[in-house]
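Chemist: Residue numbers (the numbering used here): 90 to 367. Provided herewith is a single structure, encoded as structure tokens, for subsequent inquiry.
What follows is the structure in structure tokens.
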């Protein structure tokens, strides 16, 4: 499994790309894009070109604007066409969206779907004004609530289900930061070309990596805010407790902002997680 990270310039949101492996110029590999925030488009263009990938599906850990602003650009690209119209000549084959998926889905936790109608406004008036100002250089994305849909039922149970060819996802509802926050779990050997800056101890060869894309639920040393619209401190405590008890200690935590960590490290050093565990 190939996992790559780019950082969107607005609020430094981590955007991740997951695919079964690199593709070839003649046959790009379908990829999942997680949390394409405002301004991520240019960095995504580079990694898609380098690894010969194509956009297949977009998944959001939650419905906050800084995690989804560029999603519609990727999902609405013409099938088989170039997701980046200003790409350099000769690079288009590496940047094509997947023609087998004529309308690329945008998945997110169902309780957060309402946020897609006005992503900035759903942050509350103060943050909405700030975010609108920060995103001016990147253009306003046009959203329609029907374009976002809840995660497929099969991904929400058991071992999950294939989300893009060769890659299975288990989506775990994780309310607290928002009503529909979702932790995205993957478990597979990492391709050598992966670039996610694994924390110390997370690359033990005898263990199959468990990757948890936690969005704004769990950070290295901290957690997401619960005082924004839709946040709930009690729900967050319950979510943290569930994650800590259900995931193995070697789980790699890949948050929506900041560096990666491991669940074992967070159980010891993260005061919020320690408090949730009592």
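Glycine included, each C-beta is placed from N, C-alpha and C at the ideal position.
(1) State yes or no: is the beta carbon of residue 209 nearer than 7 angstroms to at least one beta carbon in chain E?
(2) To the nearest angstrom, report how far apart residue 366 and residue 335 are at their CA atoms.
(3) The beta strand (DSSP E) that contains residue 271, what's its start and end?
(4) Roughly how many whole angstroms lie between the Cα atoms of residue 299 and residue 274?
(5) Roughly how many angstroms lie between the CA atoms of residue 164 and residue 106, to the nearest whole one?
(6) Excluding the 5 residues preceding and the 5 following residue 100 in the sequence, name in chain order all residues of the same chain whose CB lies nearer than 6 angstroms to its CB.
(7) Got a sec? Which residues, its chain only, sit under 8 angstroms from residue 278 by beta carbon, not counting five neighbours each side?
(8) Go to residue 214, then tell me how far its alpha helix (DSSP H) extends in each direction, as first and last residue.
(9) In chain order, what residues of the same chain have a beta carbon less than 7 angstroms from the beta carbon of residue 237, not counting five sequence neighbours either side?
(10) Just to confirm, is the Cβ distance from residue 260 to residue 245 under 7 angstroms?
(11) Starting from residue 161 and walking both ways along the alpha helix (DSSP H), at which residues does that stretch end?
(12) Considering only residues of the same chain and omitting the five flanking positions on each side of residue 283, which have a CB-CB separation below 6 angstroms?
(13) Tell me the rounded alpha-carbon separation between residue 98 and residue 142.
(14) Would you kindly report the start and end of the unbroken beta strand (DSSP E) that includes residue 262?
(15) Does the distance from the CB of residue 150 to the CB of residue 193 come in under 7 angstroms?
(16) I'd like to know if the stretch 301-319 and the stretch 211-225 are in contact, where contact means that at least 3 CB-CB pairs between them fall below 8 angstroms.
(17) Residue 95 and residue 129 - do their beta-carbons sit closer together than 7 angstroms?
(18) For residue 94, which of helix, strand or coil comes out of DSSP?
(19) Taking only three categories from DSSP, how would you classify residue 109?
(20) Using only the alpha-carbon positions, how far apart do residue 116 and residue 325 sit?
(21) Are residue 288 and residue 351 close, meaning C-beta to C-beta below 7 angstroms?
(22) Please state if the CB of residue 265 and the CB of residue 328 are separated by a distance shorter than 7 angstroms.
(23) Exposed or buried, residue 124, counting other C-beta atoms within 10 Å across all chains shown (16 or more means buried)?
(24) Taking residue 355 as part of the alpha helix (DSSP H), name the residues at either end of that continuous run.
Modeler: Let's see:
(1) No chain E appears in this structure, which consists of one protein chain only.
(2) Sequence index remark: in the chain shown, residue 366 carries index 277 (1-based). Sequence index remark: in the chain shown, residue 335 carries index 246 (1-based). If I take the Cα positions, the gap works out to 12 angstroms.
(3) On the chain shown, position 182 is the one that residue 271 refers to. Judged by DSSP secondary structure, residue 271 falls within the beta strand (DSSP E) whose first and last residues are 271-276.
(4) Numbered from its first residue, the chain shown carries residue 299 at position 210. Numbered from its first residue, the chain shown carries residue 274 at position 185. If you take the alpha carbons of residue 299 and residue 274, they lie about 7 angstroms apart.
(5) Mapped onto the chain shown, residue 164 falls at position 75. Mapped onto the chain shown, residue 106 falls at position 17. Between residue 164 and residue 106, the C-alpha separation is close to 14 angstroms.
(6) For the purposes of this step, residue 100 is taken as residue 11 along the chain shown, with counting starting at 1. Counting only Cβ-Cβ distances below 6 angstroms, and skipping sequence neighbours, we find 155.
(7) Position 189 of the chain shown, counted from the start, is the residue given in the question as residue 278. Answer for residue 278: 90, 297 and 298, listed in chain order.
(8) On the chain shown, residue 214 is found 125 positions in, with the first residue counted as 1. Unbroken alpha helix (DSSP H) run through residue 214: 214-223.
(9) As a working note, residue 237 is residue 148 in the chain shown. The residues 195, 197, 202 and 205, in chain order, have a CB closer than 7 angstroms to that of residue 237 in the same chain once the five nearest residues on each side in sequence are set aside.
(10) Counted from its first residue, the chain shown places residue 260 at position 171. Counted from its first residue, the chain shown places residue 245 at position 156. Yes, the pair counts as a contact, with Cβ atoms nearer than the cut-off.
(11) Position 72 of the chain shown holds residue 161. For residue 161, the enclosing alpha helix (DSSP H) starts and ends at 160-164.
(12) Sequence index remark: in the chain shown, residue 283 carries index 194 (1-based). Answer for residue 283: 91 and 92, listed in chain order.
(13) For the purposes of this step, residue 98 is taken as residue 9 along the chain shown, with counting starting at 1. For the purposes of this step, residue 142 is taken as residue 53 along the chain shown, with counting starting at 1. Using only the alpha carbons, I get a separation of about 22 angstroms.
(14) What you label residue 262 is simply residue 173 of the chain shown in a count that begins at 1. Element bounds for residue 262: 256-262.
(15) Along the chain shown, one-based indexing puts residue 150 at 61. Along the chain shown, one-based indexing puts residue 193 at 104. Their beta carbons are not under 7 angstroms apart, which means residue 150 does not touch residue 193 by this criterion.
(16) Yes, the stretch 301-319 touches the stretch 211-225.
(17) For the purposes of this step, residue 129 is identified with residue 40 of the chain shown, where counting begins at 1. For the purposes of this step, residue 95 is identified with residue 6 of the chain shown, where counting begins at 1. Cβ distance < 7 angstroms, so residue 129 and residue 95 count as in contact.
(18) Against the chain shown, residue 94 aligns to sequence position 5. Residue 94 sits in a strand when the DSSP states are folded into three classes.
(19) The residue given as residue 109 occupies position 20 in the chain shown. Coil, per DSSP.
(20) Taking the first residue of the chain shown as position 1, residue 116 is located at position 27. Taking the first residue of the chain shown as position 1, residue 325 is located at position 236. Residue 116 and residue 325: Cα-Cα distance of roughly 43 angstroms.
(21) Numbered from its first residue, the chain shown carries residue 288 at position 199. Numbered from its first residue, the chain shown carries residue 351 at position 262. It is a contact, given that the beta carbons lie within the stated cut-off.
(22) Here residue 328 refers to the residue found at position 239 when the chain shown is read from its first residue. Here residue 265 refers to the residue found at position 176 when the chain shown is read from its first residue. Cβ atoms of residue 328 and residue 265: closer than 7 angstroms.
(23) In the chain shown, residue 124 corresponds to position 35, counting from 1. Result: buried.
(24) As a first step, residue 355 is located in the chain shown; it is residue number 266 there, counting from the start. For residue 355, the enclosing alpha helix (DSSP H) has its first and last residue at 352-358.
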